[in-house]
Amino acid sequence: MPWTAERPISTRRFRRSDSGRGSGPGGLGLAAAGAVLGLIVAIPGAAGAATAAPAAARSTAPTTTAAAPDIPVANVKAHLSQLQSIATANGGNRAHGRPGYKASIDYIKGKLDAAGFTTTVQQFTTGGTTGYNLIADWPGGDPDQILMAGAHLDSVSAGPGINDNGSGSAAVLETALAVARTGATPAKHLRFGWWGAEELGMRGSQYYVGRLAAAERAKFTGYLNFDMVGSPNPGYFVYDDDRTIEGVFKSYFASLNVPTEIETEGDGRSDHAPFKNVGIAVGGLFSGADYTKTAAQAQKWGGTAGQPFDRCYHRSCDTSSNINDTALDRNSDAVAHAVWTLGVGSTTPPDGAVFENTDDVRIPDAGAAVTSSVTVSGRTGNAPAALKTGVDIKHSYRGDLAIDLVGPSGRTYRLKNSSGSDSAANVITTYTVDASAEPANGTWQLRVQDLGPQDTGYIDSWKLTF
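So in the numbering used here the end of the sequence shown lands on 446, straight run, no missing numbers.
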């Protein structure tokens, strides 16, 4: 994560706009101005139409997911110890153009080669010296659907860079090795990358993306970036560039009862930016750099308010002792969870099709019903007797909600009744509906009404699986 000369004001927002800020977790002076592949969504709580436009079928939504293995934090820390030893033996750093960086590439490549990956070292020149990217492909998976996870491997010249970014590099490495250990047969083709010269402005990832042909870029279903995931005074920040990827990470941390925030400190300033700029969906995790942890953040995450997330950011003290084991463990497991959810176990039933709408629709408090629609086409006959209706509704008191599925004929199928005793938040579940009397093709609607006062929410997404 490069240094930034001027710290921008951090603003909270539901969807990240492209940033023109240079450096930070990413590049010096690179504007993240590319178009983002995905959907434009309505901000929850904002004024707007109560009905979402019909959505077409999506082939990328996972319908069955294999569980990710636990990533032993001891293994991740063992890689960090090796990177520390490499830095110590090579002038105290692993910076671009220095022998410590090339030794770091050789260490990771050796691990991957032994595990059965196909590895490629890509050379480029910046700042008058040779840089290196390492790309590792796992055999199998759909070659027309590539899921990639990556991290920058270089440090600054001031220190060994164990949190920035040995932590992300080690977490990605151990996830890749877990793919090999489990003998994974992924649905998508899995690719992993370690980037050079990120600290000089994302030069390595820029070089890689810039040499992808348009047809090859179109095969990427996502790029996951991990830049600083073990900060000693950690926060838990999730990139909000792509709704699907963001949701995978947020759901994982929710399962641990760990709250997250939208990542703004490194907005557009790490190796995800070159991918985003050519229309590839991106996401990732971040545990904080030199921004100061607020009292509210310390209240929910622990640690010390009024201190940086990483007081050794870009300093000589960014050593193997500059790591929070809990953050490193949680984030490493989250890396694996995302790879398994989005790539290894992401499959669509061979006799089924998924039709999904991911546009947000605000649900007015104690107000009129709202609807979100999907248009089903290309099916024959009637809908199945076990039509799966997957619902993701964010709401602070789900007992207020009555939810119906409305078929193309206008027939209503009650999914959920309101209940004054159900005080939990959110409705994230799948309902099974006997819709065999309903024609499959046509416009289906999810209809939601808030029948109680004070609490608010929105339809995040929903889908039909035939």
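Cβ coordinates follow ideal geometry from the N, Cα and C atoms, glycine included.
Assign residue i to one of three DSSP states: helix, strand, or coil.
| i | result |
| --- | --- |
| I260 | coil |
| Q62 | helix |
| Y393 | strand |
| L426 | strand |
| Y411 | strand |
| T244 | coil |
| P24 | Residue confidence is low: P24 scores 32 on pLDDT, short of 50, so the model does not pin down where it sits. No coordinate-derived value is stated. |
| T306 | helix |
| G146 | helix |
| Y219 | coil |
| G130 | strand |
| P239 | coil |
| G227 | helix |
| T299 | coil |
| S312 | helix |
| D440 | strand |
Which word fits residue i, buried or exposed, when buried means at least 16 other C-beta atoms lie within 10 angstroms of its C-beta?
| i | result |
| --- | --- |
| S135 | buried |
| N237 | exposed |
| Q64 | buried |
| D86 | exposed |
| P214 | buried |
| P364 | buried |
| A275 | exposed |
| T417 | Per the sequence shown, residue 417 should be read as Ala rather than Thr. Exposed, by the Cβ-count rule. |
| A129 | buried |
| P140 | buried |
| A75 | buried |
| A116 | buried |
| G268 | buried |
| D124 | exposed |
What distance in whole Å lies between the Cβ atoms of residue j and residue i, which are believed to be in contact at a cut-off of 8 Å?
| i | j | result |
| --- | --- | --- |
| L444 | K368 | 7 Å |
| G111 | G184 | 6 Å |
| T201 | L127 | 6 Å |
| A415 | N397 | Actually they do not touch by this definition, with Cβ atoms about 19 Å apart. |
| I225 | L322 | 7 Å |
| L385 | V350 | Going by Cβ atoms, the distance from L385 to V350 rounds to 14 Å, so no, they are not a contact pair. |
| N55 | E154 | 5 Å |
| H132 | D247 | Actually they are not in contact, since the Cβ atoms of H132 and D247 sit about 16 Å apart, beyond 8 Å. |
| Y203 | N113 | Wrong, their Cβ atoms sit about 14 Å apart, outside the cutoff. |
| K280 | P239 | 5 Å |
| P49 | A158 | 5 Å |
Residue i: which of the options sits nearest, CA to CA?
| i | options | result |
| --- | --- | --- |
| G107 | P119, G77, T98, G96 | G77 |
| R342 | E336, Y438, D251 | Y438 |
| D222 | I260, P288, D251, Y187 | I260 |
| A346 | G379, A164, T355 | G379 |
| F266 | N145, F446, S61, W174 | N145 |
How about residue i: is its C-beta nearer than 8 Å to some C-beta of chain D?
| i | result |
| --- | --- |
| I343 | Protein chains in the displayed structure number just one, and chain D is not present. |
List, from N- to C-terminal side, the beta strand (DSSP E) runs of 3 residues or more that fit wholly inside the region 314 to 391. Entirely contained in the region 314 to 391, the beta strand (DSSP E) runs reaching 3 residues are, in chain order, 334 to 337, 341 to 343, 350 to 356, 367 to 375, 381 to 386.
At 3 residues or longer, what runs of the beta strand (DSSP E) sit wholly inside the region 81 to 127? If we require 3 residues or more, the beta strand (DSSP E) runs fully inside the region 81 to 127 come out as 98 to 106, 109 to 117.
Completely contained beta strand (DSSP E) runs for the region 148 to 211, where each covers 3 or more residues: The qualifying runs are 168 to 175, 200 to 206.
Counting only runs of 4+ residues fully inside the region 250 to 294, write out the alpha helix (DSSP H) ranges in chain order. If we require 4 residues or more, the alpha helix (DSSP H) runs fully inside the region 250 to 294 come out as 252 to 257, 275 to 281.
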